[in-house]
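Just so you know, we're using the working numbering here: the sequence shown kicks off at 25 and counts up by one.
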Amino acid sequence: MLNNEQQIGHYKIRSAIGAGGMGEIYLAQDTRLERRVALKILPEKFTADSDRLNRFVREAKSASALNHPNIITIYEIGEIDGTNFIATEFIEGETLRDRLTGGKMPLDELLSIAVQTSEALAAAHAAGIIHRDVKPENIMIRRDGYVKVLDFGLAKLTEKQNPISDLEAETRKLALTMPGMVMGTAAYMSPEQTRGLADIDARTDIWSLGVVLFEMLTGHVPFAGETVSDVIASILKTDAPHLSKCIADCPAELERIVTKTLQKDREERYQVTKDLALDLKSLRKELEFSAEFDRITYGGEKNLTAEMPKQPTTVAENGKRFSLNNALLVLLLVGLLFGGGWWFFGKNGKQSETLEAASLKTVEIVNWSSSPGEFYSAGTFSPDGKMIAFTSTKTGTKNIWIKQTTSGEAIQITKDEFKNESPIWSPDGDRLAFFSTRGKQIGIWQMPVFGGSPKLIVAVEDGSSLLRFWSKKDLIYYESNSNIFAIDVNSGQTKQITDFDSKAVNARSISLSPDEQQIAYTTVDGELWSVWAKNLTGDTPKKLVSTATEIKNTVWHSDNQRIFYSAAVD
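Listed below in structure tokens is the structure:
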């Protein structure tokens with residue numbers, strides 16, 4: 025340890041700050057320029073260790089090559105009387121680790137830190153520099169909220185950097201970390217880092233920042249253990265917990281972003297940090313817009329039970345926004361009067377009385393029409409009723425989107441050139457199944473809700489099939505040629521459930537209740553559209569409503585007591 029007032033060249037030590045990376049850190053005064061600096065010094069006992077010394081020099085060279093407002097500024101790299109040092113700007117503030125000990129962080133503050141950190145890393149990655157040690161201790165927050173990323177002590181210069189000078193070539197040579205060497209703080213290390221792989225790239229920093237985001241939101245890291253070995257085993261074998269199950273009211277888009285950063289297969293993560301930064305900035309702007317809209321509309325307090333305003337919904341994607349104007353879709357909630365899980369039959373099995381028109385309540389939950397004829401798209405609710413999945417052609421081809429039912433913006437799940445439609449939720453709400461024609465492959469596919477690639481469940485022949493329900497028995501019910509069929513996800517066996525053909529009924533938009541006991545469907549007679557319900561064990565269907573308005577897509581609520589349907593409106 026150096027003493028106060030001790031002189032290192034033209035730097036006078038004022039006080040010890042702490043230790044980081046490979047050196048001790050002091051607050052010092054630059055006596056030439058009369059400014060305060062942070063002076064990092066490599067202890068003399070490590071000077072003879074060429075590996076530590078090389079990493080120390082590498083930290084300085086990699087950080088000094090960067091010029092970004094969110095990356096600490098390097099003033100000087102030097103050696104005096106055998107003492108190696110780096111002089112950097114002195115930052116008045118606290119580390120993110122210190123901030124996290126202060127309690128739950130407001131979402132706007134969290135996103136501000138996340139955006140600034142991701143932009144700093146994006147700049148470093150663009151320069152061919154990988155941090156490799158992203159953690160709360162290496163993120164400083166100034167008193168004015170400005171973020172500075174510190175400690176590039178484990179940085180690796182990739183081959184992207186151009187060999188402009190011999191010095192750069194030497195730096196690049198020194199920067200190569202030996203394969204098999206585990207470096208960094210275990211809880212924040214990517215799977216490829218824990219395995220000691222040699223081909224570490226920028227996606228390792230994306231993973232580490234994802235861990236930091238998860239910790240900022242929940243107060244704990246997603247992968248933990250009593251020993252380093254336990255932590256590494258968790259990183260390699262255990263999926264990160266779902267944020268929505270850890271904290272209340274987590275924006276679905278934020279959960280998608282964090283989940284994507286924490287994909288064990290780095291090919292399924294963000295491929296460049298710039299895209300992560302854009303998504304975070306877009307989310308922050310959308311939340312700011314939503315907060316301001318609520319302030320203006322509700323006078324600062326949003327009553328979620330009030331009728332939702334008839335304003336166009338906006339969707340953020342890759343930093344761009346579009347308005348879903350001229351909506352053709354509205355979900356109509358059918359309020360049913362009978363309890364016990366039966367809305368058609370009472371507990372005694374007798375047919376209930378006809379529903380009166382007064383029992384119907386209309387509530388707009390989400391609209392997504394963006395092209396002519398899009399009212400044919402279906403919306404389905406997650407098992408807990410908090411999310412809705414639907415299709416939209418706004419990005420060109422039909423893709424799957426999800427949205428929270430009470431608030432928030434829509435999130436695009438599939439992002440490819442194929443036709444993806446008819447999404448349904450798995451019983452646990454973690455996956456979506458959908459019908460898709462991918463090249464010459466027609467079939468039913470599934471993918472995780474928050475990150476991952478589509479995987480084929482089963483191939484089918486009917487290109488117009490519509491998925492209706494995924495049961496707890498791992499049966500996927502789908503509609504084909506005006507009848508309902510069931511596919512066993514595990515065996516691939518198919519069974520026909522309804523037989524409308526023999527009764528000369530032209531049933532449309534057929535759906536099965538979650539308890540697999542009832543079906544709902546629509547018919548049209550001239551210009552009159554009707555919604556019907558029928559118990560699978562009974563023969564007599566019940567007409568629920570008739571209207572001259574075209575009706576599409578009957579959908580059962582998870583409580584087995586309510587039905588949603590879409591209808592064209594002016």
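Here a beta-carbon is modelled for each residue, glycine too, at the ideal position from N, C-alpha and C.
Residue burial classification, residue i (beta-carbon count within 10 angstroms, cutoff 16)
i: I435; result: buried
i: T283; result: buried
i: Q31; result: exposed
i: V548; result: exposed
i: I104; result: exposed
i: G562; result: exposed
i: H155; result: buried
i: K159; result: buried
i: R79; result: buried
i: D122; result: exposed
i: Q520; result: exposed
i: L304; result: buried
i: Q18; result: Because the chain here runs from 25 to 594, residue 18 falls outside it and cannot be looked at.
i: P275; result: buried
i: R227; result: buried
i: A510; result: buried
i: Q287; result: buried
i: G403; result: buried
i: E505; result: According to the sequence displayed, residue 505 carries Asn and not Glu. Per the 10 Å Cβ criterion, exposed.
i: N530; result: exposed
i: N350; result: The predicted position of N350 is uncertain, since its pLDDT is 28 and thus under 50; a value taken from the coordinates is nonetheless stated next. That one is exposed.
For residue i, the three-state DSSP class (helix, strand or coil)
i: G42; result: strand
i: T297; result: helix
i: M240; result: helix
i: V579; result: strand
i: V569; result: strand
i: L536; result: strand
i: G234; result: helix
i: Y35; result: strand
i: K64; result: strand
i: Q30; result: coil
i: N559; result: strand
i: N584; result: coil
i: R462; result: strand
i: N162; result: helix
i: I224; result: coil
i: L200; result: In this prediction, L200 has a pLDDT of 37, which is less than 50 and means its spatial position is unreliable; what the coordinates show is noted afterwards. In this structure, L200 counts as coil in the three-state DSSP scheme.
i: Y212; result: helix
i: E113; result: strand
i: K418; result: coil
i: S512; result: According to the sequence shown, residue 512 is Asp rather than Ser. It is a strand residue.
i: S479; result: It should be pointed out that residue 479 corresponds to Lys in this sequence rather than to Ser. Three-state result, K479: strand.
i: D303; result: helix
i: V255; result: helix
i: D408; result: coil
Whole-angstrom C-beta distance between residue j and residue i, which should lie under 8 Å
i: V555; j: V569; result: 5 Å
i: G15; j: I163; result: Since the displayed the chain opens at 25 and closes at 594, residue 15 lies outside it and no answer follows.
i: Y545; j: S537; result: The Cβ separation is near 12 Å, so there is no contact.
i: P447; j: A413; result: 4 Å
i: A667; j: V139; result: Because the chain is modelled from 25 through 594, residue 667 falls outside the range shown and cannot be assessed.
i: L63; j: Y35; result: 5 Å
i: I37; j: E48; result: 10 Å between Cβ atoms; not a contact.
i: A557; j: E574; result: Contact doesn't hold; Cβ gap of about 19 Å is too wide.
i: F493; j: N507; result: 14 Å between Cβ atoms; not a contact.
i: E143; j: N94; result: 6 Å
Candidates the options, of which the one nearest residue i by Cα
i: A483; options: S506, S253, L237 and G516; result: G516
i: K527; options: F493, P565 and Y502; result: P565
i: P478; options: D486, S460 and P265; result: S460
i: D229; options: K418, I153 and P93; result: I153
i: S535; options: K496, L491 and I426; result: L491
i: Q542; options: T438, I587, T107 and L552; result: I587
i: K3; options: P67, K422 and K305; result: The structure shown does not extend to residue 3, since the chain is modelled only from 25 to 594, so the question has no answer here.
i: H92; options: V252, T141, A72 and L307; result: T141
i: G106; options: D523, A72 and T125; result: A72
i: I101; options: T419, I110 and A457; result: I110
i: S489; options: E445, T571 and V81; result: E445
i: L51; options: N28, V513 and L57; result: N28
i: D583; options: I271, R308 and D539; result: D539
i: H266; options: D75, T55 and D454; result: D454
i: L174; options: E485, G249, M129 and F114; result: F114
CB contact check: residue i to chain D, cutoff 9 Å
i: S306; result: Here chain D cannot be found, since the structure has a single protein chain.
Open item on the list: For the stretch 462 to 475 against the stretch 275 to 291, do three or more pairs of beta-carbon atoms, one drawn from each stretch, fall closer than 8 Å, so that the two count as touching?
Closed with: yes
- [ ] Answer yes if the stretch 211 to 224 comes into contact with the stretch 250 to 270, meaning at least three C-beta pairs across the two stretches below 8 Å, and no otherwise.
- [x] yes
Open item on the list: When you compare the stretch 137 to 148 with the stretch 284 to 298, are there three or more beta-carbon pairs, one atom per stretch, that lie closer than 8 Å?
Closed with: yes
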